[in-house]
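Asks:
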Amino acid sequence: MLDIKFIRENPKAVEAAMKNRNQNINFERLIAWDSERRTVIGEVESLRLKRNQKTEEVGKLKREKQEPSPELLAEINEIRDSIQEHEKELLMVESQMEDFLLLIPNIPDESVPVGKDESGNKIVRFVGDPIRHSFKSKHHWEIGEKLEILDFTVASKISGSRFTVLKNEGCALERAIINFFIDAHKEKGYAEIMTPYLVNRISMRGTGQLPKFEEEAFKCSEDDLYLIPTAEVPVTNIYRGDVLDESELPKKYVSYSACFRREAGSYGKDTKGLIRNHQFNKVELVKFTAPENSMDELESLVSDAGNVLEKLGLPYRVSLLCSGDMGFSSAKTYDLEVWLAGDNAYREISSCSNFKDFQSRRMDIKIKYSQNKKREFLHTLNGSGVAVGRTFAAILENFQQEDGSVVIPEALRKYTGFDVIRPKL
RNA sequence: GGAAGGGUGUCCGAGCGGUUGAAGGAGUUAGUCUCGAAAACUAAUAUACGGGAAACCGUAUCGAGGGUUCAAAUCCCUCCCCUUCCGCCA
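Right, dumping it as structure tokens:
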């Protein structure tokens, strides 16, 4: 959520920022509501002052065993009614303003390139060279089915499309990737945490999934709970409503979770394989930082995410998303795109964002400075560290051999217990 | 799911209709004392919003929301959460 004060003082800048996000938003209405709101607050408060004074008079009389005059009581009643009317008005304006503000995306940071869509993204760096095979590279779903470690037919029978069943060494590989990621990030100072996969609506609103992206989430209406689309939701909400002391920051978490996405509106895309499933595993990194450090923390978040890909020998590139391609809540996002030899392309495997105070304002999470005791909204960041299914796919596609076997990266072997997956005889 | 008891400031804890933003204690900070420390003493010590250049002024806040009343932390209703006991259960 944006700061109404900031919008009030910089309406043109905010409008321009929204244009860069391909959003034409007129803030005039909001600003009019805001000034109305402040007028009404003034009226309510002076009325309340008057009521408090009169009520005080009554109290004084009562203590002196005197009866207040009927005129005085009548006057107070009149003031009370007037207060109630004004309060109703205030409530209406405020809820209108909130509904409006909740749908406004974050303002892109100055360092974010302006662009319409993903073609405006800036490739920041390449790490490792794309892997090319001397034979025709296969897609991961072909390899996986052949090796009998992936089964999409059974998955679709028991659940539907965009689900996966893992079998045999596939299960161990998936678990190995998860554990490898968690251990690697713990080494970098992230504290491991496991949180619920079902969260309430307030939590979904806190991180920005609601109210705008209701159709993206799986919902259990009966209980008013949502399946998490990412561990970002429960983990960031840990400190909702809290004030953290400067000395406790940054707080860094690594959290493995299954993730659930409806993928509404992506019907034709990535219908095969592990790339776009309704349920997938992910290891997520979440940071709570002081505002002045958040940009540095974003850089280190990106390198922490990239670090695990490097350890696995997976080539990737880092892309700085342009204004038009960024997610709703983000002020600045880097995508990590892993090389997929079967696809002969880079595909997103991690998205690392600095949300600045956008989420913390929605969730009311503050930092308290020990020096001047000032409080302000802290900054939240998160990034995949990284998507497990897509890593699985990358390993299959990049490390496939001509005979159909797949070589497990060195770093994973102590987790898998085997160093190659061979076709069954 | 059934029964009972609770939710007050950084913490403990009083208050159960009026002068209570809230006693008392602890903690923290500053000062006095001391060669220094401890102890003792003194003072300060919430947040949000609105107005103001500022000092400051005003309003709100005792789990959340609603109601009763001239007046609510205090009475009533609804909801949420926590604790204990019973039931059920991986």
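Per our numbering, residue 1141 is the first one in the first sequence, and the count goes up by one each step. Where a beta carbon is used, it is the ideal one built from N, C-alpha and C, also for glycine.
1) Could you tell me which residues DSSP puts in a beta bridge with Trp1479?
2) Contact defined as beta carbons within less than 8 Å: I believe Met1344 pairs with Leu1350. What is the distance between those atoms, to the nearest angstrom?
3) When burial is assigned at 16 or more other CB atoms within 10 Å of the CB, is Tyr1330 buried or exposed?
4) What does the Cβ neighbour count give for Ser1493, buried or exposed, with the cut at 16 atoms within 10 Å?
5) Taking the straight line between their C-alpha atoms, what separation do you get for Val1423 and Thr1179?
6) Within 10 Å of its beta-carbon, does Phe1104 have 16 or more other beta-carbons around it, so buried, or fewer, so exposed?
7) Alpha carbons only, please: which of Ser1443, Cys1311, Phe1495 and Asp1465 is nearest the one belonging to Arg1457?
8) Distance check for Arg1380 and Leu1243, CA to CA, integer angstroms please.
9) According to DSSP, is Asp1465 part of a helix, a strand, or is it coil?
10) Near Lys1352, which residues of its chain fall below 8 Å by C-beta distance, leaving aside the five closest residues on each side in sequence?
11) Just tell me which of Phe1517, Asp1483, Gly1523 and Gln1499 has its CA closest to the CA of Gln1540.
12) Determine the DSSP secondary structure at Leu1230, reduced to helix, strand or coil.
13) Just to confirm, are Ala1445 and Gly1525 a CB contact at a threshold of 8 Å?
14) Tell me which residue opens and which closes the beta strand (DSSP E) that Leu1384 is part of.
15) Can you grab the Cα-Cα spacing for the pair Arg1203 / Gln1193, in whole Å?
16) Exposed or buried, which one is Lys1496 when buried takes at least 16 other CB atoms within 10 Å?
17) Based on the DSSP output, what are the partners of Tyr1509 in its beta bridges?
18) Could you please give the first and the last residue of the uninterrupted alpha helix (DSSP H) stretch that includes Lys1529?
Replies: Taking the coordinates as given:
1) Tyr1486
2) 4 Å
3) buried
4) buried
5) 48 Å
6) Any question about residue 1104 goes unanswered here, given that the chain covers just 1141 to 1565.
7) Ser1443
8) 20 Å
9) helix
10) Leu1242, Leu1243 and Phe1468
11) Asp1483
12) helix
13) yes
14) Val1383 to Asp1385
15) 15 Å
16) buried
17) For Tyr1509, which the question treats as bridged, DSSP gives no partner whatsoever.
18) Looking at the sequence itself, residue 1529 is Gly, so the reference to Lys does not match. Residues Val1528 to Asn1538.
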